Each structure stands twice: as C-alpha cells, then as structure tokens.
Amino acid sequence: MAEPVPQQMTASNSGEATGGPAGLAGSPVRVIVPADKTYVALVRSAASHLGARLGLTMQELTDLRLAVDEACGLLLLPGEFDTTGAELHCRFDEYPDRLAVTVSAEASESAPDVDGFGWNVLSALVDELRWSYQDGWARVELVKRATAAER
Amino acid sequence: MAEPVPQQMTASNSGEATGGPAGLAGSPVRVIVPADKTYVALVRSAASHLGARLGLTMQELTDLRLAVDEACGLLLLPGEFDTTGAELHCRFDEYPDRLAVTVSAEASESAPDVDGFGWNVLSALVDELRWSYQDGWARVELVKRATAAER
Amino acid sequence: MDGLQVSTAVVDDARSVVSLSGELDMATADLLWAELEPVLQPGRTVVLDCARLEFMDSTGMRVLLRASRRADEVGGAFQMTAVPPPVERVLALAGVTSEIPRG
Amino acid sequence: MDGLQVSTAVVDDARSVVSLSGELDMATADLLWAELEPVLQPGRTVVLDCARLEFMDSTGMRVLLRASRRADEVGGAFQMTAVPPPVERVLALAGVTSEIPRG
Ligand SMILES: Nc1ncnc2c1ncn2[C@@H]1O[C@H](COP(=O)(O)OP(=O)(O)O)[C@@H](O)[C@H]1O
Ligand SMILES: Nc1ncnc2c1ncn2[C@@H]1O[C@H](COP(=O)(O)OP(=O)(O)O)[C@@H](O)[C@H]1O
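Chains as they are written, first to last, in the working numbering: chain D, 222 to 372; chain L, 222 to 372; chain B, 16 to 118; chain P, 16 to 118.
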C-alpha cells in the first residue's frame, strides 16, 4: 500500500513544480477503485466535482474529465504501464488555482507509450504531466490550472 | 488511519449480517474526502455509480444516494457523532446482490442522535444499518440490497 | 450542477415565489434559509417552487419546517409547489408530509 | 447514464445508421466495435450519429479509426455526423480530424 514519492520524471510540459509553494492544499481527496476499466467513469465523475469546486469553466471541466480518463488508461490499457496490482489509486490535491491529480498502481517495471494517442491527448489537456516508476509503483501525475479561478 | 472492526452495534433492522457468506466482494471502492459538508455531493455521486453497477432501479438509486448522504450527515452535523478527524472515510463493498457502505471518521466518544430525522430517514431507506464507536473511530454501516439485481 | 440555485420573485405585496434548482443538502441548507428568512413576513405568502429541485436530505427538510414555523409565528404563510417524488419521499419518511401546505 | 447505448438502423441496402448515446470510453469501446464490424460491408455506407455522445476518449477514438480503415479495405464507407464539440476535440488533439469523413 505504500506509495513512494516519485523521482523518475520523463515528461513535463510546464516549468513549475507540482504542489509547489503556491498555495497549500487541505486533506487530499482519494478515490481507490479496482484496477478495472469499468470504474473509470466513477473516477471521472469525482474529478468533475473537484474541478467544479475549483471554478473551472465548462471547457476546462471537459478537458479535466478527459485528462483523468486518459491518465487512468495509462495504467489500465494494454501497451501502457504493466499494472499488476488489483487497485487503482487516485489522489486529488486541491489548491486555490489548480487541481493536482496522481493516478498510481502497483506494476512491474514498465512505462507508458509516450508516442501513443493516450499520452499525446493527455499532454495537450493539462498544464503539467509526468510519469514515474519506482519501488513497484507506476504513477501518472498531472496538474490542471483554472484560468479564471473563483476560489 | 487504522479503522478498527466495529463491535458496538446499536441498531439493525435486518437479521442478516453485513458482508456475510452470501457472495464475495472484490477490492472495495474507497472514497476519502475532507470531513466537510461540501464534499458529500461527491460521495453521493460515487454511490450512484456503484448502485448503477449493481442494477438498482431508479427508486433504489435515489434511496441509496439519500442514505449515503444521511450517513455522512451522522458524522458531519452538529448533534451527531463528534467528529475530530479531518477526513471522512467511505468504503463501498460490492456484492452480487447488495452494496455495503461504511462511513467513518476519527471522533471523540459520542453517538448519533437515533431519535433525529437523519437516523430515522436513513433507517427507512436501507436493509441494514448500524453505528459503532470504537478506538477513536465513529462509523456508520449500511447495506442496500437490489430487489432485481442484474449482476 | 452541484449546489443549489435560489431565485426569489416578489409577485405582489402579499406573495413571493422562491424557486429552487439543484441540490438542497447539508452544504446548501444555510443558503436557502438565508434567502427565505427575510421574505417570511406578516401577511405574506411565500411559495417554494421545487420543480427543479433534484435532491433534498433531512437537513434541507429541516429548513422547510423552520420556514413553515416562522411563517406561522409571524402571521404569514409558507407553501411548497411542484414537489418532485424524491423530495416528497423525504417528507414522508420523516413523517412531516402534512406539516407544510402545498400551494 | 453510465455506459454506452448503441442502436443500429438499416436504412436501405446501401446505408446503415449507428446511433450512440452515453460515454464511449475504454470500458465501452469493445461494445461499439462489436456493433460496427458486422455492418462494415462492401458497398455499404455506415453513418455514426454522435448527437447524443457525451464523452469520448482516445480508446473510443481508436475504434472510429479502425472502422474507417475497415470500410476502406472492404470498399464501403464510414462517416460521422452530428459530432459534439468535446468529441471533435479529441479527434483534433490526436491530429486525426480529417481521417474520418462527415456525413
Ligand atoms: N460546471 C459544473 N458546476 C457544478 N458542478 C458540476 C459542474 N460540472 C460537473 N459538476 C458536478 O460534477 C458531477 C459529475 O459530473 P459528471 O462526471 O458529468 O457526472 P457523472 O457522475 O454522470 O459522470 C456533475 O454531475 C455535477 O454534480
Ligand atoms: N440508472 C443509472 N444507470 C447508469 N448510471 C447511472 C444511473 N444513475 C446514476 N448513474 C451514474 O451515476 C452518476 C452519478 O449520478 P449523480 O450522482 O446523479 O450525478 P452527480 O455526479 O451529478 O451527482 C450518474 O451521472 C451516472 O453516470
């Protein structure tokens, strides 16, 4: 169950670090589901609720839903991370201006297909994106910023 | 973070034990949110997804949403359990014919108001219901059965 | 879609219509009371239009009961209209169906 | 509301309309392929009506690309119609907007 702090980072399309000094988050929201494609709709729905809290526009909410879906896909689909664990762990950290999402699962040593549609669509949707594999855990981290944050 | 097995049970309106021999659940779904009323909509939404998986009718889904909401209220509202923890833990165990839901939080020694509207509405909505307080954790456990389970 | 939207229309000196849409739960009940309290006046009928109310829990219901009591106390009236089945159900389960008149 | 509903109408010998509603994602993509594959026939145009498609991800999109390729291979046609903006967006982000004709 221990989820290590990620170190191997292979992609980031923004300079700023995740969870940096800009704003403290309270308790994270965690959603843990069986590592099965049929639970991703539930995870998307949780992401929508949190995006709405952040004051995302409709377009940004649509993008967040898709981004979280694609991140889950990197852990659940063939040709991506080789997930061996029975659970998909989703963690949402809320900041005043952004939502940081980490999706992780126990996996054998592997990597997502960064030339595939999934990674490429995901990259275009979020402000920060990275994957890592360490100590038996595969993880995808993304950050979605609110352009017109209300809170 | 350790959630003890409940022992003190003060209400049950069905004879059958929660999580009994009838059907094994896979990994549970866990939703952990800040212990704050504004996150209960997210928990209701997760319950709806799982109720739909179970093949609940629309009426049963409506009842499940309300039941999960009222269970959260027993941990978040004044006059109910005296929650001290920052997190509300929701656990959903899926069985072929029912969904078992446990909502818990760290709390000082206390009990829900079993004469109040919340407990009474909740009792009428579910097939099994119990509360417990043990080792610093308050918890409410309920079971919702599918009358016409599809899966 | 989360949350509660409340809009109040003053029809005439004796009548206000407060329309709800969304979810009346423990997170939004205080908002409704803050809207209702100022319009619950002597001689005034306040009609709560629930046509677009999608969810109500016992905390929300308690606000309706409080509004009804306040209206009685001050010599006004509080009524609900277009109450959807899931909302009726909460009132019935709590045994308070008859405590709030329908407009 | 979760999940995908697929309904197929045979308009005439040369034309089928497959209508989607709900969510085309990694959990429902196989269902769509199972419905599309039998109707992708020589000389037949298959029109995918997306008017009520609320969500599509890259896994769903891959089924559309596969259908388009299959139609080309067998001498049929595959078209999309009434494509909502969130679905267009996935095609655009993946750079495949022009690979599927609109009907
Ligand atoms: N713009 C918004 N404002 C407020 N709440 C929203 C908004 N968009 C989505 N939500 C909330 O997030 C929930 C989840 O949305 P969605 O994922 O579309 O529903 P579903 O649970 O059907 O997947 C919505 O049903 C709604 O409660
Ligand atoms: N009868 C149903 N069949 C399939 N899915 C359902 C059903 N009822 C609810 N759901 C799913 O559960 C989700 C959560 O529902 P709900 O809680 O009403 O939405 P919200 O996220 O707005 O609170 C729905 O949006 C839908 O995706």
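Cβ coordinates follow ideal geometry from the N, Cα and C atoms, glycine included.
Only a predicted model underlies this, so the values are computations on that prediction, with no experimental measurement involved.
For Leu-346/L, no CB of chain D lies under 8 Å from its own CB, so it is not counted at the interface with that chain.
Sorting Asp-318/D, Leu-296/D and Arg-360/D by C-alpha distance to the C-alpha of Trp-352/D places Arg-360/D at the top. If you draw a straight line from the Cα of Gly-247/D to the Cα of Leu-295/L, it is about 22 Å long. Distance from the CA of Leu-363/D to the CA of Ala-328/L, rounded to the nearest whole angstrom, comes to 34 Å. For Phe-338/L, the secondary structure class from DSSP, reduced to helix, strand or coil, is helix. By the C-beta density criterion, Met-279/L is exposed, having fewer than 16 other C-beta atoms within 10 angstroms. Taking the Cβ atoms as the reference, Gly-90/P lies roughly 7 Å from Gly-58/P, within the contact range of under 8 Å.
Near chain D, meaning a CB-to-CB distance below 7 Å, the residues of the segment 91 to 106 of chain P are Pro-101 and Val-105.
Look at the segment 35 to 50 of chain P: the residues with a C-beta under 8 Å from a C-beta of chain D are Glu-38, Asp-40, Met-41 and Ala-42. Counting along the chain, Asp-72/P sits inside no alpha helix (DSSP H), nor does DSSP assign it H or E at all. Proximity of the segment 337 to 349 of chain L to the segment 29 to 37 of chain B falls short of the contact definition, fewer than three beta-carbon pairs being nearer than 8 Å. Its chain contains Gly-339, Val-342 and Leu-343 as the residues whose beta carbon lies nearer than 6 Å to that of Glu-291/D, once the 5 sequence neighbours on both sides are disregarded; these appear in chain order. Here Val-250/D is actually not in contact with Phe-302/D; their C-beta atoms are around 22 Å apart, not less than 8 Å. Every beta strand (DSSP E) of 3 residues or more that sits fully in the segment 251 to 325 of chain L is shown, in chain order, as 308 to 315. Residue contact check for Glu-327/L against chain D: no CB pair falls below 8 Å. In the DSSP assignment, the residues bridged to Asp-27/P are Arg-30/P. Listed in chain order, the non-local C-beta contacts of Tyr-354/L below 8 Å within the same chain comprise Gln-229, Phe-302, Ala-328, Glu-330, Ser-331, Ala-332 and Arg-360, local neighbours out to five positions each way being set aside. Looking from the CA of Asp-257/D, the closest CA among Pro-99/P, Thr-112/P and Ala-42/P belongs to Ala-42/P. Note on geometry: alpha-carbon atoms of Arg-366/D and Leu-108/P lie some 18 Å from one another. Thr-304/L places its beta carbon less than 8 Å from that of Leu-297/L. Listed along chain D, the residues sitting closer than 8 Å to Pro-255/L by beta-carbon distance are Gly-247, Ser-248 and Val-250.
Proximity of Gly-272/L to chain B, defined by a Cβ-Cβ separation below 8 Å, is not satisfied.
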